[in-house]
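First up is the structure itself, then whatever we jot down about it.
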Amino acid sequence: MTDERPDPDVLLARVQRDEARHGHGRLKIFLGAAAGVGKTYAMLSALREKRAGGTDAIVGVTETHGRSDTAALLDGLEALALRSIVYRGVQVREFDLDAALARRPQLIAMDELAHTNATGSRHRKRWNDVQELLDAGIDVYTTLNVQHLESLNDVVGGITGVRVSETVPDSIFDAADEVELVDLPPDELLTRLHEGKVYVPAQAQHAVDNFFRKGNLIALRELALRRTAERVDAQMRDYRDGHAIRDVWPSGERVLVCIGSGPTSERLVRAGRRLAVTLHAEWIVAYVETPALQRLSPQRRDAVMASLRLAEELGATTVTLSGPDMSAEILALARAQNVTRIMLGKPRRSGWRRWLLGSVVDTIVRQAHGIDVHLLSAEPRAQSAIPETYFDRSRLYLGIRPERRRITAQQRRAYLWSIAVTAACTLVATVMAGHFDLSNVVMIYLLGVVYVAARHGRGPALLASVLSVVAFDLFLVPPYFNFAVSDTQFLITFGVMLVVALVISGLTANVRSQAKVASHRERRTRVLYDLSRELAAARTEQDIVKAVVRHIGGEFEGQSAVLFPDSAGKISYPTEDGIQYSFHGADLGVAQWVFDHTRIAGNGTDTLPGADGVYLPLVGSSEKIGVLALLPVNLRRVFLPEQQRLLDTFMTQAVQAIERVRLAEQARVAQVAAETERLRNSLLSAISHDLRTPLATIVGASSSLVEESGHLDPKARRELSHSIYDEARRMTRLANNILDMARLDAGAVKLNLQWYPVEEIIGGVLTRLQLDRHLVNVSLPENLPMALLDAVLIEQVLENLLDNAVKYAAAPIDISARVQENVMIITVADRGPGVPKGNEKRLFEKFERANMEGVHGGAGLGLTICRAIVVAHGGRIWAEQRADGGAAFHFTLPLEKTPPAIEPEYDPDAAAA
Amino acid sequence: MPAVVIIEDDAQIRRFLRTALGAQGFRIHEAASGQQGLVETATRKPDILILDLGLPDIDGVQVVRELRAWTTLPIIVLSARSQEDDKIAALDAGADDYLTKPFGVGELIARIQVALRHRSAGVKDGADGIFSVADVKIDLGRRQVFVADCEVHLTPIEYRLLALLIQHAGRVVTHRQLLKEVWGPSYVENSHYLRVYMGALRHKLEADPTRPRFLLTEAGVGYRLSPDEK
Numbered sequence: 005m006t007d008e009r010p011d012p013d014v015l016l017a018r019v020q021r022d023e024a025r026h027g028h029g030r031l032k033i034f035l036g037a038a039a040g041v042g043k044t045y046a047m048l049s050a051l052r053e054k055r056a057g058g059t060d061a062i063v064g065v066t067e068t069h070g071r072s073d074t075a076a077l078l079d080g081l082e083a084l085a086l087r088s089i090v091y092r093g094v095q096v097r098e099f100d101l102d103a104a105l106a107r108r109p110q111l112i113a114m115d116e117l118a119h120t121n122a123t124g125s126r127h128r129k130r131w132n133d134v135q136e137l138l139d140a141g142i143d144v145y146t147t148l149n150v151q152h153l154e155s156l157n158d159v160v161g162g163i164t165g166v167r168v169s170e171t172v173p174d175s176i177f178d179a180a181d182e183v184e185l186v187d188l189p190p191d192e193l194l195t196r197l198h199e200g201k202v203y204v205p206a207q208a209q210h211a212v213d214n215f216f217r218k219g220n221l222i223a224l225r226e227l228a229l230r231r232t233a234e235r236v237d238a239q240m241r242d243y244r245d246g247h248a249i250r251d252v253w254p255s256g257e258r259v260l261v262c263i264g265s266g267p268t269s270e271r272l273v274r275a276g277r278r279l280a281v282t283l284h285a286e287w288i289v290a291y292v293e294t295p296a297l298q299r300l301s302p303q304r305r306d307a308v309m310a311s312l313r314l315a316e317e318l319g320a321t322t323v324t325l326s327g328p329d330m331s332a333e334i335l336a337l338a339r340a341q342n343v344t345r346i347m348l349g350k351p352r353r354s355g356w357r358r359w360l361l362g363s364v365v366d367t368i369v370r371q372a373h374g375i376d377v378h379l380l381s382a383e384p385r386a387q388s389a390i391p392e393t394y395f396d397r398s399r400l401y402l403g404i405r406p407e408r409r410r411i412t413a414q415q416r417r418a419y420l421w422s423i424a425v426t427a428a429c430t431l432v433a434t435v436m437a438g439h440f441d442l443s444n445v446v447m448i449y450l451l452g453v454v455y456v457a458a459r460h461g462r463g464p465a466l467l468a469s470v471l472s473v474v475a476f477d478l479f480l481v482p483p484y485f486n487f488a489v490s491d492t493q494f495l496i497t498f499g500v501m502l503v504v505a506l507v508i509s510g511l512t513a514n515v516r517s518q519a520k521v522a523s524h525r526e527r528r529t530r531v532l533y534d535l536s537r538e539l540a541a542a543r544t545e546q547d548i549v550k551a552v553v554r555h556i557g558g559e560f561e562g563q564s565a566v567l568f569p570d571s572a573g574k575i576s577y578p579t580e581d582g583i584q585y586s587f588h589g590a591d592l593g594v595a596q597w598v599f600d601h602t603r604i605a606g607n608g609t610d611t612l613p614g615a616d617g618v619y620l621p622l623v624g625s626s627e628k629i630g631v632l633a634l635l636p637v638n639l640r641r642v643f644l645p646e647q648q649r650l651l652d653t654f655m656t657q658a659v660q661a662i663e664r665v666r667l668a669e670q671a672r673v674a675q676v677a678a679e680t681e682r683l684r685n686s687l688l689s690a691i692s693h694d695l696r697t698p699l700a701t702i703v704g705a706s707s708s709l710v711e712e713s714g715h716l717d718p719k720a721r722r723e724l725s726h727s728i729y730d731e732a733r734r735m736t737r738l739a740n741n742i743l744d745m746a747r748l749d750a751g752a753v754k755l756n757l758q759w760y761p762v763e764e765i766i767g768g769v770l771t772r773l774q775l776d777r778h779l780v781n782v783s784l785p786e787n788l789p790m791a792l793l794d795a796v797l798i799e800q801v802l803e804n805l806l807d808n809a810v811k812y813a814a815a816p817i818d819i820s821a822r823v824q825e826n827v828m829i830i831t832v833a834d835r836g837p838g839v840p841k842g843n844e845k846r847l848f849e850k851f852e853r854a855n856m857e858g859v860h861g862g863a864g865l866g867l868t869i870c871r872a873i874v875v876a877h878g879g880r881i882w883a884e885q886r887a888d889g890g891a892a893f894h895f896t897l898p899l900e901k902t903p904p905a906i907e908p909e910y911d912p913d914a915a916a917a
Numbered sequence: 214m215p216a217v218v219i220i221e222d223d224a225q226i227r228r229f230l231r232t233a234l235g236a237q238g239f240r241i242h243e244a245a246s247g248q249q250g251l252v253e254t255a256t257r258k259p260d261i262l263i264l265d266l267g268l269p270d271i272d273g274v275q276v277v278r279e280l281r282a283w284t285t286l287p288i289i290v291l292s293a294r295s296q297e298d299d300k301i302a303a304l305d306a307g308a309d310d311y312l313t314k315p316f317g318v319g320e321l322i323a324r325i326q327v328a329l330r331h332r333s334a335g336v337k338d339g340a341d342g343i344f345s346v347a348d349v350k351i352d353l354g355r356r357q358v359f360v361a362d363c364e365v366h367l368t369p370i371e372y373r374l375l376a377l378l379i380q381h382a383g384r385v386v387t388h389r390q391l392l393k394e395v396w397g398p399s400y401v402e403n404s405h406y407l408r409v410y411m412g413a414l415r416h417k418l419e420a421d422p423t424r425p426r427f428l429l430t431e432a433g434v435g436y437r438l439s440p441d442e443k
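Protein chains in written order, with our numbering: chain W, 5 to 917; chain D, 214 to 443.
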């Protein structure tokens with residue numbers, strides 16, 4: 005019996021998807037093959053039905069194009085007012101997203117999913133609006149023509165000759181909950197067109213005539229039907245997976261699409277997606293950055309980026325490889341990723357050049373064992389120069405403003421250098437010409453060309469080789485100052501020189517750009533390493549933010565800021581001071597949107613592209629952390645795929661670090677809470693014992709006094725009063741200790757450090773305690789220095805130590821002090837039973853007593869308080885057994901600072917004497 | 214019959230003071246708040262005031278300041294432990310003495326008597342110009358000091374310090390007051406001077422400087438010359 009249970013992971017994923025969808029609106033798309041098939045009509049009819057069924061359904065935006073039957077459907081439907089946007093002096097009316105979100109209907113109709121919003125709207129595309137509506141839990145009905153689907157865009161363009169620029173990502177279409185195909189046979193559509201029932205803009209009459217040919221319409225209808233069928237197929241598979249009907253194994257295919265910089269890339273991406281979808285395969289789109297490709301103009305690089313972005317939108321994983329050998333890199337990636345099919349564009353080199361120099365395609369075909377290779381033919385019209393409009397489209401796609409290419413001062417200097425080197429060579433060659441054979445003289449020029457090629461690159465090297473040939477001919481080959489060449493063998497010299505110049509400049513340029521790539525890569529690794537090291541060392545969120553902002557500033561050449569939400573989830577400006585790379589004036593509105601929707605927004609994206617900066621959500625493993633606001637000098641630095649990945653890594657690391665710090669903080673708080681709890685419990689039990697005992701005496705004795713009716717003799721009365729007094733004093737000491745402990749624990753004690761003679765401190769304590777005169781011996785050396793201490797607290801230490809000594813030992817107590825190195829050691833020693841062995845340390849813990857069953861009272865806080873006070877002074881305290889019996893408690897006070905000087909007093913009597 | 218006003222918000226402490234002081238023959242007037250206390254003091258014209266520093270309405274130190282604006286009436290402040298700063302502030306604001314809760318009745322009555330004596334006699338204490346405590350005799354007229362009838366030499370500062378403590382005998386004098394009077398206003402922060410000279414005085418006058426009998430330290434607050442040997 006085969007295992008027919010559904011895969012638990014798959015089921016889990018489905019549950020999660022369903023959960024994610026809970027509270028998420030449902031999307032229904034009315035798909036049509038072409039304009040005029042009746043999508044809007046179908047949508048509005050469905051909306052009316054829903055409304056009749058009691059759903060709160062409204063019309064968000066709709067285009068009736070003046071058709072009366074469609075317009076009639078709007079009757080009695082609530083329609084949102086459109087928002088007026090003035091853009092470049094022209095008033096445009098657009099869908100009002102905020103009004104729709106505020107209105108919160110259950111269902112909203114949004115015509116024309118592919119519509120591009122006017123500049124000034126929140127999102128660039130209407131499908132972004134629709135996503136936000138869905139996120140807000142509003143169901144959406146929308147309409148779409150098949151030609152607007154991203155992956156079919158080029159196919160439709162090929163069929164009809166009309167390419168539309170407004171497209172909708174396939175992911176939106178695939179994620180739709182329902183797709184209803186609005187089908188109309190081509191003949192009927194044509195009839196409707198002739199009856200004027202299809203909206204045709206006046207200025208596009210000719211194009212429309214071309215478009216609405218029967219052949220086109222049949223093809224479009226087929227596309228629409230097939231695309232819908234694909235969806236149905238996917239649903240079917242989904243259903244079977246969910247119900248363990250599995251007799252078809254997943255294909256396990258993986259497609260690698262390799263793109264270059266030409267316009268074929270976009271077609272390759274689309275074709276790759278179609279292949280991947282048909283195979284139900286994962287697909288990867290790779291771009292190999294060879295040194296040669298690095299020399300491309302920014303426009304061409306933008307085009308590559310646009311293709312990669314398109315691939316990501318279509319669901320591919322994108323990879324940017326770099327290396328000198330394109331085919332080797334591609335094959336290495338293919339092997340690493342277990343790719344089963346590679347898709348490439350047809351070789352651009354042809355004829356003898358392909359034969360001579362080889363081609364990437366040929367190498368891959370030869371070396372790709374076990375991998376199918378698919379070749380995509382080049383578009384015939386793309387063979388020649390790439391149309392400028394293509395680049396414009398890329399830029400539009402990326403939201404990058406075009407930049408003018410300029411020859412920099414450095415480049416100009418390089419060309420001047422090549423002229424200067426050639427001139428110098430000519431000078432040397434002219435001197436040599438009389439003595440050496442011309443074929444040797446030519447070597448001087450070769451040397452010059454090699455130098456220029458190595459130093460200044462390809463352009464200057466070409467210039468140098470051309471100049472060299474010209475100079476050689478003019479000045480050294482007879483007839484002089486004339487281009488006529490008498491000896492044809494020099495033609496070979498010219499040719500060789502040119503080739504050498506080209507080869508050497510090419511080689512050095514390759515080496516240099518590889519070195520550049522390598523150094524880039526190395527720098528990126530270093531930056532990541534530095535960041536992770538710094539993040540690992542960071543202890544506070546503030547440190548993390550600073551490290552991240554500084555590294556992003558260095559790596560992406562821009563300012564940035566990490567914005568955190570307040571307790572109410574509102575993004576607010578950081579309160580701390582910024583650092584050099586801080587992005588001041590980040591748009592909190594955009595940041596809030598990004599935080600709420602956990603989606604990227606801002607400049608160069610589809611959402612709120614009018615903002616200055618780019619805003620990226622920081623999402624942790626369990627919660628949303630905040631928003632990274634980035635204001636790059638150049639958007640290219642952020643949107644280059646490898647840079648984007650680097651930024652992603654930065655953000656992941658930052659998020660992890662922040663989470664780590666937060667977790668550590670939580671753990672610390674929890675630990676402190678647990679410790680506090682433990683202490684509170686021991687305190688309670690200690691107090692309940694130590695307070696109850698004296699209280700019992702007090703209550704008992706005082707009640708005897710209160711209730712007596714003259715039968716107590718004066719002696720008994722005095723005794724009772726005495727015990728009340730003694731027990732009350734005992735409780736006072738306990739209460740003081742508990743209070744002190746609490747204050748020391750809470751860090752509420754600020755030391756009032758002053759210079760004191762120790763003698764005075766000891767004197768104060770002894771006076772206060774009123775101990776028996778013979779009980780205590782004080783021995784202090786002469787000229788003992790003053791110590792910096794808090795008198796009240798150190799008196800408390802001595803008092804507690806003396807109290808202990810008196811409590812536990814009846815024998816005489818010795819107090820002494822001495823200076824050892826840079827500390828003063830004060831000792832209180834007794835002749836009692838001493839310290840229990842091994843318990844010397846535990847004595848200073850809270851609620852510890854030398855003898856737990858002791859009858860001496862006190863909550864065992866005395867020594868703990870002593871330790872806290874001494875430690876606060878920067879000293880230490882310890883207990884030890886005296887050699888000749890008894891316990892000795894020592895504590896130190898630092899003597900690092902010099903006591904302040906005392907001006908000697910002028911004493912006239914002493915002077916006279 | 215000396216009259217005393219007690220400003221204290223705790224009813225139990227008021228009751229105990231009333232009983233204890235009443236037994237000593239004082240006329241007692243009570244106030245539970247600072248405002249009420251100020252009114253009581255103004256209307257009853259007492260001989261002495263006992264003021265708790267932790268009042269619910271006004272800061273006790275503020276009460277001292279307001280009273281000192283119009284009366285020299287002796288004020289004894291009551292304060293909790295760990296309120297050294299408040300004690301010093303109250304003393305510097307013009308309070309005559311302080312007691313830390315909890316305290317015994319004997320202590321309180323001793324303080325009250327010292328304060329009353331100072332009020333009636335002022336600095337005339339030891340009108341014959343001789344002040345003696347334990348085996349120490351100070352001839353204020355001749356500026357001579359004897360310990361067990363042997364003259365002891367004091368430096369001018371030591372003498373000024375001792376004379377100032379004698380002038381306030383029985384009452385606490387804050388570090389600030391001593392420094393200001395003996396060394397001058399610019400020395401009020403240099404309390405180590407005071408400690409060094411007090412140490413010297415003790416060595417010259419006390420039998421055992423680690424167990425002073427009359428040159429007493431009030432930790433964190435100041436010094437007190439106890440007229441009765443401890």
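Just so it is clear, CB atoms sit at the ideal spot from N, CA and C, and this is done for glycine as well.
Item                                                                                                                               : Value
Beta-carbon proximity of L137(W) to I163(W), cut-off 9 Å                                                                           : no
Helix, strand or coil at R228(D) according to DSSP, with G and I counted as helix                                                  : helix
Amino acids of chain W, ordered along the chain, whose beta-carbon sits closer than 8 Å to that of I370(D)                         : E909
K258(D) burial status per 10 Å Cβ neighbour count (16 or more: buried)                                                             : exposed
DSSP bridge partner residues for M347(W) (one or two, in chain order)                                                              : V261(W), H378(W)
CB contact check: D749(W) to chain D, cutoff 9 Å                                                                                   : no
Neighbour flag for P718(W) against chain D, beta carbons, 9 Å                                                                      : no
Whether I368(W) touches L335(W) by CB criterion (9 Å)                                                                              : yes
Close Cβ partners of V277(D) (< 8 Å) along its chain, the five nearest in sequence each way excluded                               : L264, I288, V290, A303, A306, G307, A308
Environment of E182(W) [buried if 16+ CB atoms lie within 10 Å]                                                                    : exposed
Residue-level contact to chain W via CB, A432(D), 9 Å cutoff                                                                       : yes
Sequence-distant residues of its chain with Cβ nearer than 6 Å to K32(W) (five each side left out)                                 : Y145, E182
Per-residue burial, R530(W) [other beta carbons within 10 Å of its own, 16 or more giving buried]                                  : exposed
Interface flag, G767(W) vs chain D, CB-CB below 9 Å                                                                                : yes
D338(D) (DSSP reduced to helix, strand or coil)                                                                                    : For D338(D), the predicted structure reports a pLDDT of 49, less than 50, and the residue's modelled location is therefore unreliable. A value from the coordinates is still provided. The answer is coil: DSSP assigns D338(D) none of H, G, I, E or B.
Neighbour flag for E627(W) against chain D, beta carbons, 9 Å                                                                      : no
For I219(D) and L230(D), the rounded distance between their alpha carbons                                                          : 8 Å
CB contact flag (E545(W), V665(W), <9 Å)                                                                                           : yes
From N486(W), I629(W), V159(W), residue whose alpha carbon lies closest to that of S571(W)                                         : I629(W)
Contacts around V385(D), its chain only, beta-carbon distance under 8 Å, and the 5 residues preceding and following it disregarded : L304, D310, Y311, E431, V434, G435, Y436, R437
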